[in-house]
Structure formats: C-alpha cells, structure tokens
Amino acid sequence: MKTEVLTENFKKALLSCEKIAKKSLSLPILQNLLMKTEGTFLALTSTNLETSLVWRVLAKTTKQGEALLPANFLASLISLLKTNKLEFSVEKNNLILTSEEEEFQIQGQNPEDFPIIPKIDKTEFFKISSAELTNALCAVIELPSQSQIKPEISGVLFSFNKKILKIVATDSFRLAEKTISLTEVSLKNKEITSFILPQNSAREILNVFSGEELPVVVYFSSNYVLFETNSPSSQEKIELSSRLIEGQYPNYQEIIPQKSSLKIKVKKEEFLSQIKKAGLFSSKSQEIKLTALPQESKIKIFSQNVETGRNESYLGGDVTGKEMEVSFNFKFLIAGINILKSSEVILDLLSEDKAGVLRPVGDTSLIYILMPIKSSY
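The following block contains the structure:
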C-alpha cells in the first residue's frame with residue numbers, strides 16, 4: 127500500500143472509528159482498525175461486533191493495500207502531528223507513516239484476522255436528514271431500560287406506517303415518542319414494519335452524524351441496519367451498521383391517554399426551576415406532588431423530607447379542567463421537560479393514576495409520557 131491523505135479528514139475518521147474499537151475489551155483483535163485503499167478512497171473500519179463503522183476519505187493512492195493497526199495508539203500519534211498531509215505505506219503488516227521530516231513505523235497484525243462486516247440487502251430503506259435523525263435520538267436516548275428480563279425495551283424502536291416514522295424509547299416508567307414525516311420510503315417486505323436499535327448503536331449515530339447536515343439512507347432487514355451518507359463538502363463516505371435487538375416491542379400506544387380532564391400550560395424554564403428546587407426536599411422515592419388549581423390559574427408544587435424539610439411553591443399558568451393532585455418522580459419529570467425545545471410546555475392529565483403527557487407548545491411531533499407514583503404525603 128502507498129497512499130496520501132489530508133490529515134484533517136483522516137483524523138476525523140480515525141477518532142470516530144477509535145471510539146467503537148475502544149469498547150471492544152473482550153476480543154483484543156477488535157481494538158484494531160482496518161485501513162484499506164479502495165480506488166480513490168482510504169477506508170477505515172472498526173467494529174465491536176454489535177456496531178461497525180466504515181469511514182472512507184479521499185486519498186491519492188499509487189499502490190493498493192491494507193493494514194490492521196491498534197486504533198488507540200494510532201489516534202494518539204496522529205493527534206500529535208501538525209502536518210497537513212500524511213503518507214502511508216505497508217511493509218510486512220507494519221505501517222510506515224511519513225509526515226514531512228518524520229517517519230514512524232507502527233506494528234500491525236494480519237488484516238485477514240479482522241472480522242468481516244456483514245452485508246445487508248438494500249431492498250428496505252428510508253431517507254432522512256442527519257439533523258432529523260440526531261434530534262429524534264437526542265430526545266429518547268436516555269430512556270431505554272437495561273433490563274435483562276425485557277431486552278426489547280433496552281433499545282430504540284423505529285416504527286413505520288407508510289411515510290410516517292416513529293422513534294420511541296421507554297423504561298416502563300416513562301416513554302418518549304418522536305414522529306417524523308419521511309419523503310422517501312421503500313417497504314416491500316410487509317412483515318418488516320419496525321426494528322429495535324441497541325442503545326449503544328444509537329449513541330454512535332449521535333457521535334458520527336451530529337454536526338454537518340447530511341442526507342442519510344437507512345437500509346434495514348430483520349436483524350441488521352445500515353446508516354449510509356456521503357458528505358458533499360469533504361466527499362467522505364460513511365457507513366454505520368448495527369445488529370438489531372430481537373423480539374417484539376411492547377404495544378406502548380395502549381398507555382398513551384387519548385383525552386385529558388386537566389391541561390396545564392406553563393413557562394418551561396420557570397417550571398423547570400420550581401421542580402429542581404422541590405427536588406431538593408423530596409422523599410427517598412424522589413416524589414414531588416403537583417396540585418392543579420384551575421380557579422386560581424396556578425399549580426402548587428409540594429415536597430418534604432424528614433431530614434431536609436419541606437417545600438411549597440406556586441406557579442402561574444393556563445390551567446383548565448378539574449382540580450387534581452398527582453405525584454411524579456421529580457428526576458423523570460425534569461428529564462422530560464429538558465427534551466422539549468419550546469418556551470412553554472403542556473402537561474395533560476386524565477386522572478391521578480393515569481400517565482401524564484408532556485409536550486412542547488407548537489410542536490405535535492414529540493410527546494413524553496410519565497407514569498405517576500403513589501403519594502406518601
């Protein structure tokens with residue numbers, strides 16, 4: 127192999143690949159990355175057997191070849207180089223890196239020992255912008271449960287209905303759902319209407335696709351998914367693939383109230399501030415109690431703890447419907463408020479023992495469902 131690349135492009139690809147290789151502690155071979163020339167591109171590949179990343183950067187290649195190299199060591203070395211270009215060649219599995227007046231030899235391994243990345247049938251796919259994809263994942267990423275009993279809810283659900291995509295996550299106590307309208311979808315296999323993406327793979331999508339807005343094509347089958355994009359500015363080609371979680375996702379729509387008997391609309395930041403202060407006085411169950419006072423157009427927020435004291439505060443807003451007292455886990459309530467990107471938020475309630483629905487004012491595409499807890503006050 128003999129090839130030349132721009133340092134900036136190579137470093138960006140290397141750092142993303144290294145993050146995946148870093149997490150491969152059980153098999154030492156997975157702590158390496160495969161560097162391979164492909165025509166006018168240099169491809170960097172890393173995998174932890176669940177998530178795989180192939181990042182191709184433009185290269186000026188005079189001799190094709192490949193090398194298997196320690197990802198962390200290579201990333202540490204490249205971070206110290208100040209040159210604009212890097213030259214690579216391979217001698218007996220070892221990489222020769224030339225940078226201006228410096229030359230480094232990095233000991234590699236046999237590229238044939240690196241796992242083969244599975245290929246996916248590209249029949250089923252949809253197209254989405256990287257901004258829509260990452261915004262949706264940001265809203266749900268912290269919710270999946272890591273329960274061994276219910277592995278289905280340890281990931282993020284992608285569910286399709288014609289050109290409507292719903293991205294969902296839950297831990298059984300709370301749930302977030304983001305709805306996206308797609309412009310292009312191919313669903314030829316009617317048996318595949320959804321898939322469950324592992325939470326760690328979703329985090330890697332955020333690492334790789336955040337930043338520049340790019341068109342992303344998502345190919346999927348019954349056990350595998352591939353996120354693919356090309357960057358017009360740098361002419362890079364990125365493929366992030368993942369195994370899927372087997373099983374049937376719970377029918378979560380059954381718990382979403384279709385009507386409400388109480389609607390509370392308040393300023394987001396004021397509500398958030400009051401909840402945080404009340405949380406300091408909450409009980410061991412992290413309970414805070416909300417009391418709706420429609421006739422006074424406000425809500426009362428109450429919490430108490432035998433060790434720290436008690437809190438009682440009021441927040442004005444648009445409160446319509448019947449009087450009601452309901453208790454929530456304050457940390458879950460804060461998490462839900464934080465994902466809503468609006469200056470005002472709405473909390474809909476049907477009764478004291480039914481799930482509450484949080485949503486941003488002016489945006490019907492995102493909802494956060496939160497189950498109440500039994501009050502000890």
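The sequence shown maps to residues 127 to 503 in my numbering.
C-beta atoms are modelled at their ideal positions from N, C-alpha and C, and glycine is treated no differently.
Given the structure is predicted, the values throughout are model-derived calculations rather than measurements.
- Query: Taking all protein chains shown into account, do 16 or more other C-beta atoms lie within 10 angstroms of the C-beta of E372, making it buried, or fewer, making it exposed?
  - Reply: exposed
- Taking the C-alpha atoms as reference points, what is the distance between L159 and K288? 39 Å
- Taking T296 as part of the alpha helix (DSSP H), name the residues at either end of that continuous run. That residue, T296, is in no alpha helix (DSSP H); its beta strand (DSSP E) goes I290 to T296.
- Message: I'd like the ranges of any alpha helix (DSSP H) spanning at least 4 consecutive residues and lying wholly in the stretch 190-247.
- Response: 197-204
- To the nearest angstrom, how far is it from the Cα of K292 to the Cα of I146? 27 Å
- Query: Taking the alpha-carbon positions, what's the A169 to I267 distance?
  - Reply: Between the alpha carbons of A169 and I267 lies a gap of roughly 29 Å.
- Message: Rounded to the nearest angstrom, what separates L441 and F346 at their Cα positions?
- Response: Distance between the alpha carbons of L441 and F346: 47 Å.
- With distances taken between CB atoms, is the gap from I414 to I425 smaller than 8 Å? Between I414 and I425, the CB-CB gap reaches or exceeds 8 Å.
- Can you tell me which of the three DSSP states Y67 falls into? Any property of residue 67 remains undetermined from this structure, which presents the chain solely from 127 to 503.
- Task: Using beta-carbon positions only, say whether S386 and L475 come within less than 8 Å of one another.
- Result: Yes, Cβ-Cβ distance for S386 and L475 is below 8 Å.
- Taking buried to mean at least 16 other C-beta atoms within 10 Å of its own C-beta, is L206 buried or exposed? exposed
- Message: With H, G and I counted as helix, E and B as strand and the rest as coil, what does DSSP make of S399?
- Response: helix
- Item | Same chain, Cβ closer than 6 Å to S285, five either side skipped, listed in chain order | For S285, where only same-chain residues beyond five positions count, the Cβ hits under 6 Å are K292 and S320.
- Query: Whose C-alpha, out of Y503, I322 and V334, is nearest the C-alpha of V432?
  - Reply: Y503
- Item | Segment limits, alpha helix (DSSP H) that includes K148 | T133 to K148
- Query: In the DSSP assignment, what residue or residues form a beta bridge with G281?
  - Reply: DSSP lists P324 as partners of G281.
- Count the other C-beta atoms from every protein chain shown that fall within 10 angstroms of the C-beta of S152, then say buried if there are 16 or more, exposed otherwise. exposed
- Query: Any contact of the stretch 257-277 with the stretch 325-344, i.e. 3+ C-beta pairs under 8 Å?
  - Reply: yes
- Item | Whole runs of the beta strand (DSSP E) within the stretch 465-495, excluding any shorter than 3 residues | 470-475 and 482-486
- Message: Just to confirm the assignment, what range does the beta strand (DSSP E) spanning L175 have?
- Response: It is not in any beta strand (DSSP E) - L175 carries neither H nor E in the DSSP assignment.
- With which residues is F454 paired in a DSSP beta bridge? BP columns for F454 point to I414.
- Query: By Cβ distance, which residues of its chain are closer than 8 Å to I290, with the 5 residues on each side in sequence left out?
  - Reply: Around I290: T305, I306, S307 and L308.
- Limits of the beta strand (DSSP E) - the one that E354 falls within: Under the DSSP assignment, E354 falls in the beta strand (DSSP E) whose first and last residues are Y350 to N356.
- Query: Can you check whether the CB of V183 is closer than 8 Å to the CB of T171?
  - Reply: no
- Kindly indicate which three-state DSSP category Q430 falls into: helix, strand or coil? strand
- Message: Strictly by DSSP, which residues pair up with I364?
- Response: Partner(s): W181 and T355.
- Item | Other residues of its chain near K186: CB distance less than 7 Å, five sequence neighbours each side excluded | The residues are T129 and E130.
- Message: Using CA atoms only, rank isn't needed, just tell me which of V311, V452 and E134 is closest to G482.
- Response: Taking only the C-alpha atoms, the option nearest G482 is V452.
- Query: If you drop the 5 nearest sequence neighbours on each side, which residues of the same chain put their C-beta closer than 7 Å to that of L141?
  - Reply: A201
- What are the boundary residues of the alpha helix (DSSP H) that includes E258? S256 to V266
- Task: For the beta strand (DSSP E) containing M127, list its first residue and its last residue.
- Result: Neither: M127 is in no beta strand (DSSP E) and is coded neither H nor E.
- Among all the DSSP beta bridges, which residues are the ones paired with V343? K253 and E354
- Between I318 and the rest of its own chain, which residues show a CB-CB distance below 8 Å, the 5 nearest in sequence each way excluded? E250, F346, S347 and S348
- Close beta carbons around F456, own chain, < 7 Å, minus the five adjacent residues each side: I401, A404, G405, S408, Q412 and I414
- Between which two residues does the beta strand (DSSP E) harbouring S271 extend? Premise fails: S271 is in no beta strand (DSSP E) and is neither H nor E.
- Kindly list the residues whose CB is nearer than 8 Å to the CB of N198, restricted to its own chain and excluding five residues on each side of it in sequence; keep chain order. E144, A147, K148 and Q157
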